[in-house]
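Asker: Just passing along the structure, written as structure tokens.
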Amino acid sequence: MDSYDLIVIGSGPAGRRAAIQAAKFGETVLVVERGRQVGGVSVHTGTIPSKTLRETALNLSGWRERGFYGRSYRVKQDLSADDLRARLDITLGHEVEVLEHQFARNQVTTLRGEAKFTTPHEIEVRGEEGEVFTFSSKRFLLAVGTVPYRPDNIPFDGKAIFDSDEILELDNLPKSLCVIGAGVIGVEYATIFSALDVHVTLVEPRDSMLDFIDRELTEDFTHQLRDRGVALRFGRKVTRVGKHPRRGCVVEMEDGRVIRSDIVLFAAGRMGATGPLDLANCGLETDHRGRLAVDPQTFQTSVPHIYAAGDVIGFPSLASTSMEQGRIAVCHALGREAHRPPEFFPYGIYSVPEISTVGMTEEEVRARGISYECGVARFRETSRGHIMGLSTGMLKMIFSLKTRRLLGCHIVGEGATELIHIGQAVLNLKGTLDYFVENTFNYPTLAEAYKIAALDAWNRIPADEPAAGK
9 MDSYDLIVIG
19 SGPAGRRAAI
29 QAAKFGETVL
39 VVERGRQVGG
49 VSVHTGTIPS
59 KTLRETALNL
69 SGWRERGFYG
79 RSYRVKQDLS
89 ADDLRARLDI
99 TLGHEVEVLE
109 HQFARNQVTT
119 LRGEAKFTTP
129 HEIEVRGEEG
139 EVFTFSSKRF
149 LLAVGTVPYR
159 PDNIPFDGKA
169 IFDSDEILEL
179 DNLPKSLCVI
189 GAGVIGVEYA
199 TIFSALDVHV
209 TLVEPRDSML
219 DFIDRELTED
229 FTHQLRDRGV
239 ALRFGRKVTR
249 VGKHPRRGCV
259 VEMEDGRVIR
269 SDIVLFAAGR
279 MGATGPLDLA
289 NCGLETDHRG
299 RLAVDPQTFQ
309 TSVPHIYAAG
319 DVIGFPSLAS
329 TSMEQGRIAV
339 CHALGREAHR
349 PPEFFPYGIY
359 SVPEISTVGM
369 TEEEVRARGI
379 SYECGVARFR
389 ETSRGHIMGL
399 STGMLKMIFS
409 LKTRRLLGCH
419 IVGEGATELI
429 HIGQAVLNLK
439 GTLDYFVENT
449 FNYPTLAEAY
459 KIAALDAWNR
469 IPADEPAAGK
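Residues in the sequence shown are numbered consecutively from 9, following this note's numbering.
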């Protein structure tokens, strides 16, 4: 039996960052990955593929230029699924190559196979050819990620009715698509296919979508979707999904309404991929969604030498936060100093248009009883917006009236996930309205919207309000 200082199960963002950090501390590390290649869901079916698909769709469809040349503008006529996959294959190849090089350079041992616990300190790994290996370690990090939630009443077939992992294997672009579930994944795919001129119907049993986002942003986002023909069916539960012999797929609603589409994407949640681990053998239990509970500061489970990070522990389930969770977990496990997880981190939704947010929403500020003021800028107010042909997009900032500090920053529109980092830096450094008013931004840029929004807020603040520190 081989022994390692740390065994990491899963090679997604949390697993790879943890493994490399431990190796840099001089520890011996084994990474076990059950997928075909290293990288986990993030590289092969989640973050990287969906964002690559988005970029390819926007480029080949000419979406970004339609503000100038009209809605009928196309860079490439008659787009096919093969056109979308070509760029995807190249991108994923590069990602895997970089990751394998990082593991090799840091002397991290990797093994393909499915791991399960046999005792709290030992695992058994079944390899590709059925061979069985046993390993022991003083410490474990579980970074196994998630798998799509697949209820028994949905007849998934990977040809007409897909989950969010299967949708990337489409043979042909459909003319119509029904997406069940208006969470982050459902919204991203619904808007990407809409940008490809697929008629999309988005179904959600709740009365709204993306409830953790500032309501003013979701209202603007919803208006944009409706304006381009996305059918939104909120507050309705799906009772049956099936296939019609001549009319593609049929989705029946509890109110009697029937949606017909070429294909269906079921994207209503994901489950922790903890089933194969035999966690009972190491003393761990999961919740009803297969997720693990951890200390939010150290990512230590109820079994002291076992840590968990990434999507398997639930919200926020972001690649960016997962990387930091993995690093912090390993530092704690090895007795090394680590910073505390930041209170505010940016949340990016790679829909069309993008949404990104950091800090408190207006609803949260009101709930805390904080006196505040908002400033809003529309991208069409910037010269860069004119150059890019943008007619939509907005940036919203929320400031405390008492301290003038930035409380939250929320963006919907082109480049939102890049622009948000300015707001993130100011917020975490406890910056104020005065920073945006007094500083100069490159011209012409979309970042200029920060100054426009700050001046909008400044104009609303009573003249007798004291400046910060006075």
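Beta carbons: idealized from backbone N, C-alpha and C, even for Gly. These numbers were taken from a predicted model, which means no experiment stands behind them.
Quick check: the Cα distance between A461 and A385, rounded to an integer number of angstroms?
Answerer: By one-based count along the sequence shown, residue 461 stands at place 453. By one-based count along the sequence shown, residue 385 stands at place 377. One C-alpha to the other measures close to 5 Å.
Asker: I'd like to confirm something about G423: is its beta-carbon nearer than 7 Å to some heavy atom of the ligand SAH, or not?
Answerer: Questions concerning the ligand SAH fall outside what the structure shown contains, since it holds no ligand whatsoever.
Asker: Quick one: is G166 buried, meaning 16 or more other Cβ sit within 10 Å of its Cβ, or exposed?
Answerer: Residue 166 sits at position 158 when you count from the first residue of the sequence shown. With fewer than 16 Cβ atoms within 10 Å of its Cβ, G166 is classed as exposed.
Asker: What does the Cβ neighbour count give for Y315, buried or exposed, with the cut at 16 atoms within 10 Å?
Answerer: Here residue 315 refers to the residue found at position 307 of the sequence shown. The residue is buried, with at least 16 neighbouring Cβ atoms inside 10 Å.
Asker: From the DSSP output, in three-state form, read off E35 for me.
Answerer: As a working mapping, residue 35 is identified with position 27 in the sequence shown. It is coil, neither helix nor strand.
Asker: Only counting the same chain, and skipping five residues up and downstream in sequence, which positions put a Cβ closer than 6 Å to that of E139?
Answerer: Along the sequence shown, one-based indexing puts residue 139 at 131. Here the set comprises nothing.
Asker: Please report the distance separating the alpha-carbon of D319 from that of S325.
Answerer: For this step, residue 319 is matched to residue 311 along the sequence shown. For this step, residue 325 is matched to residue 317 along the sequence shown. Between D319 and S325, the C-alpha separation is close to 4 Å.
Asker: Who does Y315 pair with in a DSSP beta bridge?
Answerer: The sequence position of residue 315 within the sequence shown is 307, counting from 1. Looking at the DSSP assignment, Y315 forms a beta bridge with L149 and Q308.
Asker: Are three or more beta carbon pairs between the region 213-220 and the region 181-201 nearer than 8 Å?
Answerer: The region 213-220 vs the region 181-201: in contact.
Asker: When DSSP labels each residue in this structure, what does A385 get in the three-state scheme?
Answerer: Locating residue 385 in the sequence shown gives position 377, counting from the first residue. The answer is strand: DSSP assigns A385 an E or B state.
Asker: When DSSP builds the beta bridges, which residues end up paired with E41?
Answerer: For the purposes of this step, residue 41 is identified with residue 33 of the sequence shown, where counting begins at 1. Bridge partners of E41: R120.
Asker: Check whether the Cβ atoms of E332 and T425 lie closer than 8 Å to each other.
Answerer: Counting from one through the sequence shown, the residue named residue 332 turns up at place 324. Counting from one through the sequence shown, the residue named residue 425 turns up at place 417. Not in contact: E332 and T425 (Cβ atoms no closer than 8 Å).
Asker: Just the Cα atoms here: how many angstroms apart are R297 and P156?
Answerer: Reading the sequence shown from its first residue, position 289 is the one you call residue 297. Reading the sequence shown from its first residue, position 148 is the one you call residue 156. Approximately 11 Å between the Cα atoms of the pair.
Asker: How many angstroms separate the CA atom of D235 from the CA atom of S144?
Answerer: Along the sequence shown, read from residue 1 onward, the residue named residue 235 stands at position 227. Along the sequence shown, read from residue 1 onward, the residue named residue 144 stands at position 136. In a straight line, the C-alpha of D235 is about 57 Å away from that of S144.
Asker: Indicate whether R412 and T369 have their beta-carbon atoms separated by less than 8 Å.
Answerer: The residue labelled residue 412 in the question sits at position 404 within the sequence shown. The residue labelled residue 369 in the question sits at position 361 within the sequence shown. Against a cut-off of 8 Å, the Cβ pair of T369 and R412 comes out as no contact.
Asker: When you compare each of E136, F76 and R223 to K404 by their alpha carbons, which one comes out closest?
Answerer: Reading the sequence shown from its first residue, position 396 is the one you call residue 404. For K404, the nearest C-alpha among the options comes from R223.
Asker: Applying the criterion that 16 or more other CB atoms from any shown protein chain within 10 Å of the CB defines a buried residue, is Y458 buried or exposed?
Answerer: Within the sequence shown, numbered from 1, the residue matching residue 458 stands at position 450. Counting Cβ neighbours within 10 Å, Y458 comes out buried, since at least 16 surround it.
Asker: If you follow the alpha helix (DSSP H) that D235 is in, where does it begin and where does it stop?
Answerer: In the sequence shown, counting from the first residue as 1, residue 235 sits at position 227. R223 to D235 is the extent of the alpha helix (DSSP H) around D235.
Asker: Y12 to T36, Cα distance in whole Å?
Answerer: Within the sequence shown, residue 12 is the residue found at index 4, counting from 1. Within the sequence shown, residue 36 is the residue found at index 28, counting from 1. Approximately 5 Å between the Cα atoms of the pair.
Asker: Who are the near neighbours of T60 in its chain, counting only those whose CB is closer than 8 Å to its CB and skipping five residues on each side?
Answerer: To locate residue 60, count along the sequence shown from 1; it is residue 52. Around T60: R95, L96, T99 and L100.
Asker: Would you mind working out which of F148, E108, E137 and R82 sits nearest I17, comparing C-alpha positions?
Answerer: Stepping through the sequence shown from its first residue, residue 17 is reached at position 9. Comparing Cα positions, the closest option is F148.
Asker: Which parts of the region 408-474 are runs of the alpha helix (DSSP H), unbroken and 4 residues or longer, counting only runs that do not cross its ends?
Answerer: Listed in chain order, the complete alpha helix (DSSP H) runs (minimum 4 residues) inside the region 408-474 are 424-436, 441-446 and 457-468.
Asker: In the DSSP output, which residue or residues are listed as bridge partners for I56?
Answerer: Here the question's residue 56 lines up with position 48 in the sequence shown. Paired residue(s): none; I56 is not in a bridge.
Asker: Out of curiosity, what's the CA-to-CA distance linking A346 and R335?
Answerer: The residue given as residue 346 occupies position 338 in the sequence shown. The residue given as residue 335 occupies position 327 in the sequence shown. Whole-angstrom Cα-Cα distance: 8 Å.
Asker: For D97, report the span of its alpha helix (DSSP H) as first-last.
Answerer: One-based indexing of the sequence shown puts residue 97 at position 89. That run of the alpha helix (DSSP H) goes A89 to R113.
Asker: Assuming V373 contacts I395 under a Cβ cut-off of 8 Å, what Cβ separation, rounded to an integer in Å, is found between them?
Answerer: Taking the first residue of the sequence shown as position 1, residue 373 is located at position 365. Taking the first residue of the sequence shown as position 1, residue 395 is located at position 387. V373 to I395, Cβ: 34 Å. No contact.
Asker: Taking 6 Å as the limit between beta carbons, can you name the residues of its chain near D270, skipping five residues before and five after?
Answerer: Residue mapping note: residue 270 aligns to position 262 of the sequence shown, counting from 1. Cβ within range, chain order: P182, K183, S184 and G256.
Asker: Could you check what DSSP says for M396 in three-state terms: helix, strand or coil?
Answerer: Here residue 396 corresponds to residue number 388 of the sequence shown, with the count starting at 1. Here M396 sits in helix by DSSP.
Asker: With C-beta atoms as the reference, is Y451 less than 8 Å away from L409?
Answerer: Translated into the one-based positions of the sequence shown, residue 451 becomes position 443. Translated into the one-based positions of the sequence shown, residue 409 becomes position 401. Going by C-beta atoms, Y451 is not nearer than 8 Å to L409.
Asker: Would Q305 be called buried (16 or more neighbouring beta carbons within 10 Å of its own) or exposed?
Answerer: Position 297 of the sequence shown, counted from the first residue, corresponds to residue 305. So Q305 counts as exposed.
Asker: Between the Cα of T55 and those of D86, G20 and V259, spot the shortest distance and give me the residue it belongs to.
Answerer: In the sequence shown, residue 55 corresponds to position 47, counting from 1. Out of D86, G20 and V259, G20 has the C-alpha closest to the C-alpha of T55.
Asker: For V266, which residues of its own chain have a beta-carbon under 8 Å away from its beta-carbon, when the five flanking residues on both sides are left out?
Answerer: Indexing the sequence shown from 1 puts residue 266 at position 258. Within the same chain, V266 has close Cβ partners V258, V259 and E260.
Asker: Select from K245, T230 and S172 the residue whose C-alpha is nearest the C-alpha of V238.
Answerer: Within the sequence shown, residue 238 is the residue found at index 230, counting from 1. Answer by Cα proximity: T230.
Asker: In this structure, does DSSP put I193 in helix, strand or coil?
Answerer: Taking the sequence shown and counting its residues from 1, one reaches residue 193 at position 185. The answer is helix: DSSP assigns I193 an H, G or I state.
Asker: Between F353, A317 and S364, which has its C-alpha nearest A341's C-alpha?
Answerer: What you label residue 341 is simply residue 333 of the sequence shown in a count that begins at 1. Closest by alpha carbon: A317.
Asker: Would you call F76 buried or exposed, if buried means 16 or more other Cβ atoms sit within 10 Å of its Cβ?
Answerer: For this step, residue 76 is matched to residue 68 along the sequence shown. Exposed is the call here.
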